[in-house]
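Numbering of the sequence shown is given in this note's numbering, commencing with residue 310 and proceeding in unit increments. C-beta atoms are modelled at their ideal positions from N, C-alpha and C, and glycine is treated no differently. This report concerns only the one structure given below.
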Amino acid sequence: MLGSGGMGEVLLAFDTLLKRPVALKRMRDEGGQDAAEGRAAVLQEARRASRVNDRRIAAIYDVLDLGDELLIVMEYVEGETLRRRLGEPMPVEAFWDLSRQCVEALAAAHEQGLIHRDVKPENLMLTRGREIKILDFGIARRMPRRGAGPAESTTTTELYPGPAGTPQYMAPEAHYGGSIDERSDIFSLGVVFYEMLTAQHPFADESNEVVLDRIMNRAPRPASELNPAVNRALSGVIERMLARDPAQRFDSCAAVREALLAASRESGAALGVPETRPVPAPRATPPKPIARAAALGFALIALVAAFPRSAVSRSCRL
Numbered sequence: 310m311l312g313s314g315g316m317g318e319v320l321l322a323f324d325t326l327l328k329r330p331v332a333l334k335r336m337r338d339e340g341g342q343d344a345a346e347g348r349a350a351v352l353q354e355a356r357r358a359s360r361v362n363d364r365r366i367a368a369i370y371d372v373l374d375l376g377d378e379l380l381i382v383m384e385y386v387e388g389e390t391l392r393r394r395l396g397e398p399m400p401v402e403a404f405w406d407l408s409r410q411c412v413e414a415l416a417a418a419h420e421q422g423l424i425h426r427d428v429k430p431e432n433l434m435l436t437r438g439r440e441i442k443i444l445d446f447g448i449a450r451r452m453p454r455r456g457a458g459p460a461e462s463t464t465t466t467e468l469y470p471g472p473a474g475t476p477q478y479m480a481p482e483a484h485y486g487g488s489i490d491e492r493s494d495i496f497s498l499g500v501v502f503y504e505m506l507t508a509q510h511p512f513a514d515e516s517n518e519v520v521l522d523r524i525m526n527r528a529p530r531p532a533s534e535l536n537p538a539v540n541r542a543l544s545g546v547i548e549r550m551l552a553r554d555p556a557q558r559f560d561s562c563a564a565v566r567e568a569l570l571a572a573s574r575e576s577g578a579a580l581g582v583p584e585t586r587p588v589p590a591p592r593a594t595p596p597k598p599i600a601r602a603a604a605l606g607f608a609l610i611a612l613v614a615a616f617p618r619s620a621v622s623r624s625c626r627l
């Protein structure tokens, strides 16, 4: 098992048709109307997320509804999660490149009309080549149009029973069931950036209730106060990402990237290598759903034989 959580579990499996390891997400079905609606929403949004083709986003290969079980077949990513790098403040020089990659990867999803809804260190994988991959778009949702009326915009609570995501990283509007858009992901990424630079959560407390109260009502200490290597411009970028009011945040990842670039210039650094996107190779055409479903018998049969537990790194979490 690679990970587990409230929505199900992720297993390492081997696709015997395409001869590659995959991460297999098994969604729990606890019955009831709310569960059925949530399941349908996850299925719909996972299909949309599968259309995002960017090297910094872990691909969704297939989604299968087997009646009593929902399976999402995802790219298996070797490496370590960003969480494992947060034991101490990250050198600012390393932060510039990783932050750029995170912003550009998230922008690629936003350009397709998708928001992630669960941006956190566990869902940011650092590969052996030091590239960021965003994992787990299984609870992503389609982005509403700004200013859309009730009949045109679907809120979080309408698509998913209860808030989806990790409370410590959720934007205020996600906690109270408000309208979610790309600025909600930007808030979550701001929490991650704060942790990268300070090794502290901006709203940390042992009590989830206190964390929620701080997210809703208090601004965190500037990162520059906790880490003198962080210049005021960079600290200001993160403060704006963490604004309680979405209207006070950056309105796009492109704007975040430009602000980071300006802050890096002020410090005399460079914000990583300019983005160049190669022409994506066409993805292999998957077999028809029936054959594909039958082939997924590979998942647990091949799991132990092909990948001993000691050789598996944790690549996906829920």
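Practice task
Answer with buried or exposed for ASN536, where buried requires no fewer than 16 other C-beta atoms within 10 angstroms of its C-beta.
Solution key: Its Cβ being crowded by 16 or more others within 10 Å, ASN536 is buried.
Exercise for the section: With a 10 Å radius around its C-beta and 16 neighbouring C-beta atoms as the bar for buried, classify LYS328 as buried or exposed. Expected result: Exposed, since its Cβ has fewer than 16 Cβ neighbours within 10 Å.
Exercise for the section: Take ASP494 as the anchor and find which of ARG439, ALA563, PRO531 and LEU435 has the nearest alpha-carbon. Expected result: Among ARG439, ALA563, PRO531 and LEU435, the Cα nearest to that of ASP494 is on ALA563.
Problem - Buried versus exposed call for MET434 [16 or more other C-beta atoms within 10 Å across all chains shown] - result: By the 10 Å Cβ count, MET434 comes out buried.
Handout entry: Spatial distance of PRO271 from LEU415 (CA atoms)
Key = Here the chain comprises residues numbered 310 to 627, so residue 271 is not present and cannot be evaluated.
Exercise for the section: Name the one or two DSSP bridge partners that ASP374 has. Expected result: In the DSSP output, where bridge partners are listed per residue, ASP374 has LEU379.
Exercise for the section: With DSSP collapsed to three states, give me the class of ILE495. Expected result: Here ILE495 sits in helix by DSSP.
Handout entry: Distance between beta carbons of ILE443 and ILE489, contact taken as under 8 Å
Key = That pair is no contact at about 17 Å.
Handout entry: Bridge partners - ASP324, DSSP secondary structure assignment
Key = DSSP lists ARG329 as the beta-bridge partner residues of ASP324.
Handout entry: Cβ-Cβ distance between GLU492 and ARG549 below 7 Å
Key = First, the amino acid is wrong: residue 492 is Arg here, not Glu. No. Outside cutoff.
Practice task
Name the residue from VAL565, LEU551, GLN421 and VAL539 whose alpha carbon lies nearest to the alpha carbon of ASN362.
Solution key: Checked all of VAL565, LEU551, GLN421 and VAL539; the closest Cα to ASN362 is GLN421.
Problem - Rounded separation between ARG335 and MET383 - CA only - result: One C-alpha to the other measures close to 11 Å.
Problem - Spatial distance of ASP554 from SER561 (CA atoms) - result: Taking the straight line joining both Cα atoms gives about 15 Å.
Practice task
Report yes if the C-beta distance between ALA417 and VAL386 is below 7 Å; otherwise report no.
Solution key: In this structure, VAL386 does not lie closer than 7 Å to ALA417 by Cβ.
Handout entry: Reduced DSSP category for GLU567 - H, G, I as helix; E, B as strand; rest coil
Key = Note: GLU567 maps to helix in three-state DSSP.
Exercise for the section: Starting from GLU384, follow its DSSP beta bridges and name the residues at the other end. Expected result: The beta-bridge partner set that DSSP reports for GLU384 consists of VAL331.
Handout entry: One or two residues paired with LYS442 in a DSSP bridge
Key = Paired residues: MET434.
Problem - Residue ranges of each alpha helix (DSSP H) within the stretch 390-429, 4 or longer - result: Qualifying alpha helix (DSSP H) stretches, in chain order: 401-420.
Problem - Alpha-carbon spacing of PHE404 relative to ASP522, whole angstroms - result: Cα to Cα, PHE404 sits roughly 29 Å from ASP522.
Problem - Check whether ALA508 and PRO398 have beta carbons under 7 Å apart - result: Here ALA508 is near PRO398, since their CB atoms are less than 7 Å apart.
Problem - Extent of the continuous alpha helix (DSSP H) run through ASN526 - result: In this chain, the alpha helix (DSSP H) harbouring ASN526 covers 517-526.
Practice task
Would you kindly work out how many angstroms separate the C-alpha atoms of VAL500 and PRO529, rounded to a whole number?
Solution key: One alpha carbon belongs to VAL500, the other to PRO529, and they sit about 10 Å apart.
Exercise for the section: Measure the Cβ-Cβ separation of ALA542 and ALA513 and say whether it is below 7 Å. Expected result: No, they are not a contact pair.
Practice task
Could you check what DSSP says for ILE369 in three-state terms: helix, strand or coil?
Solution key: The answer is strand: DSSP assigns ILE369 an E or B state.
Handout entry: chain D contact for GLY486 (CB, 7 Å cutoff)
Key = Among the chains of the structure shown, chain D does not appear; only one protein chain is present.
Problem - Nonlocal neighbours in the same chain, by C-beta distance under 7 Å from ILE547, ignoring five residues either side - result: Closer than 7 Å at Cβ, skipping near neighbours: GLY499, PHE502, TYR503 and ALA532.
Practice task
Could you pull out every residue in the same chain whose Cβ sits closer than 6 Å to the Cβ of ALA568, ignoring the five residues on either side in sequence?
Solution key: Excluding positions up to five away in sequence, the list reads VAL546.
Exercise for the section: Work out the CA separation of VAL319 and THR283 for me, nearest whole Å. Expected result: This structure cannot speak to residue 283, because the chain is shown only from 310 to 627.
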